[in-house]
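Going letter by letter, the sequence shown gives residues 201 to 384 in our numbering.
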Amino acid sequence: MSSEISNRVISAETNRTHMAFLNQVEKEMNGVFKKFDELMLQYTYQNNSLLQFTQEELSSRNVRTMLDLYGVLNNLRSGLEHVAEIDFYNTAQKKIFTSKSLLLDTDEFGDARAIDLVSKMHSYGAWLDTRTDVNKRIPLPVITYIRPVNNTSFSENRAAFILYLHAVSLSGKLKLAEDEQTSY
């Protein structure tokens, strides 16, 4: 009888600890997503540069646009922690420009799950679970966050940001809250 009670106590404490950890994960992830949304909105409303990248051709011949987009991606990246890579996906052209200055088509990009998720999204961001070795450019565990570039001029998503967050770096910030002590 006492072992049954002990098992219930241990199980209850384990569940409480897991819930505290999951709440902390949710808090950290929401903080990252909120920070990115704030930075993205600055570009959307201050200078409307994101709209430009949905309308102009992404190609090596269009140097000015590519340099401007590179600047935006690097400014966004420098404003965030834990970012392995941030990419801009133009859905109409099916081209992705990375923060490492690579212009790729969807096959070269190497992340079919992210591309597929963009096509199913409407106006809110979504994230993919932790994945290891997403592609050759990112050979580490990442959490992928996808955020459409919303514009009222278009009924469908014309573009999206794809962020790859360092899963290990982000998990290093996670710890059990001090008021969540376990006791047996």
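No residue lacks a Cβ here, since even glycine has one placed at the ideal position from N, Cα and C.
Alpha helix (DSSP H) containing tyrosine 270: first to last residue?
-> Taken as a continuous stretch (DSSP letters only), the alpha helix (DSSP H) holding tyrosine 270 covers 263-278.
Report yes or no: do the segment 306-324 and the segment 254-267 share at least 3 C-beta pairs separated by less than 8 Å?
-> Judged by Cβ distances under 8 Å, the segment 306-324 makes no contact with the segment 254-267, as fewer than three pairs qualify.
How long is the line joining the alpha carbons of leucine 269 and arginine 358, rounded to whole angstroms?
-> Whole-angstrom Cα-Cα distance: 15 Å.
Can you grab the Cα-Cα spacing for the pair isoleucine 210 / leucine 365, in whole Å?
-> Approximately 34 Å between the Cα atoms of the pair.
First through last residue of the alpha helix (DSSP H) which encompasses threonine 306 | For threonine 306, the enclosing alpha helix (DSSP H) has its first and last residue at 306-309.
Using 10 angstroms around the beta-carbon of leucine 290, count the other beta-carbons present and answer buried if the total reaches 16, otherwise exposed.
-> Here residue 290 turns out to be asparagine, not leucine, going by the sequence shown. Under this definition asparagine 290 is a buried residue.
Return the first residue and the last residue of the beta strand (DSSP E) that isoleucine 346 is part of.
-> From DSSP, the beta strand (DSSP E) with isoleucine 346 extends over 342-348.
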